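Have a look at the structure below before the remarks.
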Amino acid sequence: MPLSVSDPTWYPIASSEDLPFRHVYQGQLLGRELAVWRADDGNVNAWENRCLHRGVRLSIGINEGQELKCQYHGWRYANRSAGCTYIPAHPADAPARRIENRKYPVREAYGLIWSAANDDLPFTGFPGAEGGDWFALRPMPVNARPGDVVAGLAGLAPDDQPADVMQGLSVRLGNIVYFVQPVDADRAVIRGLLAGKPADPIATLRHYNEGLTKLRDRLEKAAARKPVPEKLSPIFEKVSADLASMPDIAIPRGATLPVVVKRKWQNADGVVSFELADRDGRHLPTFQPGAHIDLHLPNGLVRQYSLTNGPGDLMSYVIGVKQENASKGGSKVLVESVRAGDVMAISEPRNNFPLRRDAARTVLIAGGIGITPLLSMSRFLDQSRLPYELHYFTRSGESAAFSSELTALHGRVERHVGLARDAIRARVSQALGPYEFAHHVYICGPGAMLEMVQEVASGLGWPDEAVHFEYFQNDKIIDQSSAFDIELARSAMTLHVPAGKTILETMRDAGLTVPSSCEQGACGTCLTTVIEGEVDHQDVYLNKTEKASNSCMMTCVSRAKSGRLVLDI
Amino acid sequence: MPKTPDPVTKNLWYVVAATDELPIGQVDTTLLLDTRLAMTRGQDGEPVVWLRSDEQKGDDIDPESILDRLPVKNAYGYAWTCLGTPSADLFPIPEFAEQDRRNMSCGSIGIHVSAPRAVENFLDMGHFPYVHTDILGAEPHTEVKEYDVEVSEERDEVLATRCRFVQPRAAKSATHAMEVEYIYRVPHPFCSVLYKSCPEDESRQDVIGIFLQPMTEESCRAHLLQSMIDSQSSIKDMRRFQQTIFGQDKPILENQFPKKLPLDPRAETPIRADKSAIAYRRWLSQKGITYGVIPQAS
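Sequence lines, in order, name chains E and H.
Per the working numbering, numbering of the first sequence is gapless, rising by one per residue and ending at 569.
Per the working numbering, numbering of the second sequence is gapless, rising by one per residue and ending at 298.
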């Protein structure tokens with residue numbers, strides 16, 4: 001039977017031993033090359049051996065434990081999802097689109113790594129595999145057609161005990177099962193499994209290796225006399241159409257996905273944590289440090305929560321929720337009524353708080369529950385062995401959340417408990433120090449603290465571009481008293497926004513579908529380009545420079561100072 | 001089976017050797033567009049190139065005896081030839097003629113990748129911190145700032161301007177990190193010329209040219225030219241500097257897959273930093289070049 005590039009059969013492609021710590025192995029199957037690597041969490045990844053950006057082999061990439069870094073442009077891809085998490089050429093932007101390398105199904109079993117061209121068949125092992133204690137022999141590469149190699153192996157059987165030729169180019173000879181890995185039309189690797197661990201492993205390996213070497217010499221001599229078969233040509237699938245164009249920075253907007261609450265626990269006084277996982281045990285979408293998800297609550301509200309996960313940590317998302325007495329219903333319903341086992345809808349992770357990994361110095365300042373995105377950032381910086389300082393301010397009596405996670409970090413982590421307002425200010429000022437080139441600070445916490453840190457940073461000469469912040473909510477009182485017109489340039493529509501109504505609501509009333517999330521000027525989802533007019537910004541998302549530029553706004557809370565705004569919608 | 005090159009490719013001028021390195025009265029051999037060539041130099045120093053039959057490298061030959069010659073140009077220190085009907089002129093590099101310039105060939109290096117992949121790599125700033133670590137770039141300075149690209153109809157070339165990048169050691173003569181400004185020209189589908197701020201004289205620019213000789217669709221030779229303002233370094237050191245850079249590119253280029261440059265926009269994932277590469281790919285596509293590329297399915 002001729003080999004096919006779309007053969008769904010599972011074949012061994014490596015031994016478990018080929019994937020030592022922080023290594024990338026170059027596997028081959030049916031004319032394709034695979035970059036095979038084990039993450040620090042033990043998961044094995046089998047990806048098409050080329051970076052989707054410029055085609056360079058990922059088997060010469062760097063295995064950073066939870067991310068693989070391409071050697072050409074430093075793009076990073078996450079364990080499990082193969083999703084791109086960082087593009088160094090544009091360090092201030094989160095990858096605008098969903099970029100994922102091609103993955104192949106992979107399984108580790110019986111001391112071998114198995115893969116297949118596609119997901120059409122489930123992995124079943126081989127008859128009698130389960131329960132056995134298998135010992136992997138040394139692989140033997142052979143320059144001969146895989147079918148001929150199978151026939152050669154079958155020929156090793158003694159006359160009275162004919163070989164059992166099984167599915168998937170495998171042959172059972174007594175207590176050994178040989179698998180032929182079809183590398184290409186003219187090349188194969190013999191991988192053997194011996195039942196039971198031998199008393200003298202080295203002698204056993206040598207014994208079988210000698211036998212297989214003789215077989216190889218015979219097979220290669222025979223192959224040299226036959227015509228060379230045509231090589232398999234792998235198909236490089238095209239990237240999706242939206243990846244082929246070059247859009248400006250955009251906020252990815254995905255559909256919702258259902259998740260199950262795997263665990264709910266009291267993380268600290270006043271903080272409850274939730275672990276959310278895919279219902280079928282698959283990994284969740286790739287995220288970047290600083291990203292949040294929208295959580296759809298049972299009472300119909302949608303709230304944003306930052307992910308605390310580290311790089312490549314995609315089997316579940318962990319969020320922290322603050323129990324607030326005066327809760328407007330968001331955290332209250334989560335804390336009181338959502339239980340482990342409940343199913344909830346979340347958005348794909350979005351990132352309005354991207355972390356640059358090109359800083360000479362990174363300072364992270366968290367206040368209370370603001371630790372969540374900064375914990376994720378610390379974990380990414382930690383994994384890449386980049387220097388950072390994390391300052392975590394909590395009120396007295398309130399214990400620090402994610403304590404054990406913080407203890408596991410290797411960077412400089414300082415906890416400041418129960419400081420008075422002035423003392424916090426002094427401590428922040430000391431932590432920041434005078435601004436220098438390529439220094440960046442990230443802040444998340446209550447509104448008053450964010451404003452204070454921005455003020456201190458500005459006083460020390462830190463420019464706006466170096467000060468990154470995320471509010472959980474907009475505490476300001478929104479003034480909705482103005483009335484004005486909006487002209488929607490792309491939709492060729494002019495609408496009147498009366499007092500008491502937002503631009504967003506006005507556009508929705510006119511039948512437009514416009515994305516939004518927090519609807520309080522904090523999350524950045526409804527960011528819109530302004531072509532003309534003067535904006536009355538009331539959000540906490542944009543920084544001072546961005547607001548002053550008058551070139552963008554949040555349609556959920558911002559209004560016009562002029563009589564008319566022209567929007568790029 | 002080697003493919004016959006498309007007419008645009010066939011009618012172009014190509015570098016086949018550094019003129020000075022061609023032995024006078026002796027045969028040297030090479031491959032251009034899957035065609036075997038023989039070459040030598042006459043007593044007058046002028047290169048002679050012809051289709052190779054059974055000549056071997058190192059054979060003695062009287063250049064006068066070669067009648068069936070291919071067109072030849074001797075420019076920028078290199079011997080250029082053409083397998084079809086060439087245009088009269090080669091693209092200009094006026095700086096080469098300036099009195100105080102130090103012009104040098106920096107070697108001819110074989111690479112197992114298509115010539116357009118090598119051109120694209122030459123245009124790319126994003127790889128500096130990773131491939132040319134601590135020379136042309138270094139983390140954390142990985143940002144590719146916005147730059148301008150145009151395809152000049154008048155001169156028929158791709159031009160990228162206002163390209164800026166922080167480099168720890170931009171040239172042999174550089175002593176500290178500086179933000180370097182580049183201008184890239186692609187005046188020929190398989191050649192590119194780079195202008196960069198000169199550490200020694202702020203008012204002028206160093207010029208580096210790369211001339212690719214496509215040997216097959218998946219292999220080429222890169223001929224490097226430097227035309228520098230540098231009164232201090234020796235030619236040997238300046239050459240070695242450029243060869244070090246190129247030696248770092250070679251293994252990366254040879255690990256690119258597929259080896260031919262895909263012109264379909266959906267073959268790979270571009271980002272804003274790749275503007276010049278995108279313009280280059282489109283320019284090749286519009287010219288109808290099919291050699292060394294994977295053309296866009298129509």
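Each residue gets a CB set at the ideal place from its N, CA and C atoms; glycine is no exception.
Just so it is clear, the structure is predicted and the values come from calculations on it, not from any experiment.
Considering only beta carbons, the part of the stretch 75-108 of chain E lying closer than 7 angstroms to chain H consists of I87, P88, A89, H90, P91 and I99, in chain order. Within the stretch 136-153 of chain H, the residues whose Cβ lies closer than 9 angstroms to some Cβ of chain E are E139, P140, H141, T142, E143 and V144, listed in chain order. The three-state secondary structure of T9 of chain H, taken from DSSP, is helix. Nearest to L253 of chain H by alpha-carbon distance, out of E:I443, E:N63, E:R57 and E:V540, is E:R57. Identification of residues in the stretch 105-138 of chain H having a C-beta nearer than 9 angstroms to some C-beta of chain E yields R117, E120, N121, D124, M125, G126, H127, P129, Y130 and V131, given in sequence order. Distance from V131 of chain H to Y72 of chain E at the Cβ level is roughly 7 angstroms; contact confirmed, criterion being Cβ atoms closer than 8 angstroms. About 6 angstroms separates the beta carbons of N63 of chain E and H23 of chain E, which is inside the 8 angstroms limit, making them a contact pair. Contacts with chain H (Cβ-Cβ distance below 8 angstroms) from the stretch 218-236 of chain E involve F236, listed in chain order.
Cβ-Cβ distances below 7 angstroms link N43 of chain E to N79 and R80 in the same chain, with the five nearest sequence neighbours on each side left out; the list follows chain order. Setting aside the 5 residues that flank it on each side, S558 of chain E is surrounded in the same chain by I503, G521, V535, D536, H537, Q538 and D539, each with a C-beta closer than 8 angstroms to its C-beta; the list follows chain order.
Distance between K259 of chain H and Y291 of chain H, taken at the CA atoms: about 12 angstroms. Spatial neighbours of A291 of chain E in its own chain (CB-CB distance under 8 angstroms, excluding positions within 5 residues in sequence) are listed in chain order as A94, S306, L307, P349, R350, N351, F353, P373 and S376.
About 23 angstroms separates the beta carbon of F165 of chain H from that of F211 of chain H, a gap too long to meet the 8 angstroms contact definition. Here W283 of chain H carries a helix assignment [DSSP, helix/strand/coil]. One thing to note: L121 of chain E has its Cβ within 8 angstroms of the Cβ of P8 of chain E.
Residue contact with chain E for Q232 of chain H: absent (no Cβ-Cβ distance below 8 angstroms to any residue of chain E). Between T290 of chain H and chain E, the shortest Cβ-Cβ separation is not below 8 angstroms. At a beta-carbon threshold of 8 angstroms, the residues of chain H lying near D358 of chain E are E139, P140, H141, T142 and E143, ordered along the chain. Along the stretch 71-104 of chain H, none of the residues has a CB nearer than 8 angstroms to a CB of chain E. Secondary structure of D274 of chain H (DSSP, three-state): helix. In the DSSP assignment, the residues bridged to R564 of chain E are E:D485. When DSSP states are grouped into helix, strand and coil, Y110 of chain E belongs to the coil group. For T372 of chain E, no beta strand (DSSP E) run applies; the uninterrupted alpha helix (DSSP H) run containing it begins and ends at I371 to Q383, by DSSP.
Here Q383 of chain E is near P311 of chain E, since their CB atoms are less than 8 angstroms apart. Nearest Cα to P127 of chain E within the set E:N175, E:V261 and E:R279: E:N175.
Against chain E, the CB of E179 of chain H has no partner CB under 8 angstroms away; the residue lies outside that interface. Judged by beta-carbon spacing, R38 of chain E lies within the 8 angstroms limit of L19 of chain E, meaning their Cβ atoms are closer than that value. If the five residues before and after S173 of chain H are omitted, its C-beta is found closer than 7 angstroms to the C-beta atoms of P199, E200, D230, Q232 and S233, all from its own chain and listed in chain order. Counted as a single uninterrupted DSSP element, the beta strand (DSSP E) harbouring Y77 of chain E occupies residues R76 to A78. Not flagged as an interface residue toward chain H: Q383 of chain E, since no C-beta distance is shorter than 8 angstroms. Taking a beta-carbon distance threshold of 8 angstroms, G270 of chain E does not count as an interface residue toward chain H. One thing to note: C106 of chain H has its Cβ no nearer than 8 angstroms to the Cβ of Q296 of chain H. The DSSP-derived three-state label of L19 of chain E is coil. Contact between the stretch 433-452 of chain E and the stretch 361-368 of chain E is present, with at least three C-beta pairs closer than 8 angstroms.
Judged by DSSP in its simplified three-state form, K197 of chain E adopts coil rather than helix or strand. Counting along the chain, the unbroken beta strand (DSSP E) around R303 of chain E starts and ends at V302 to S306.
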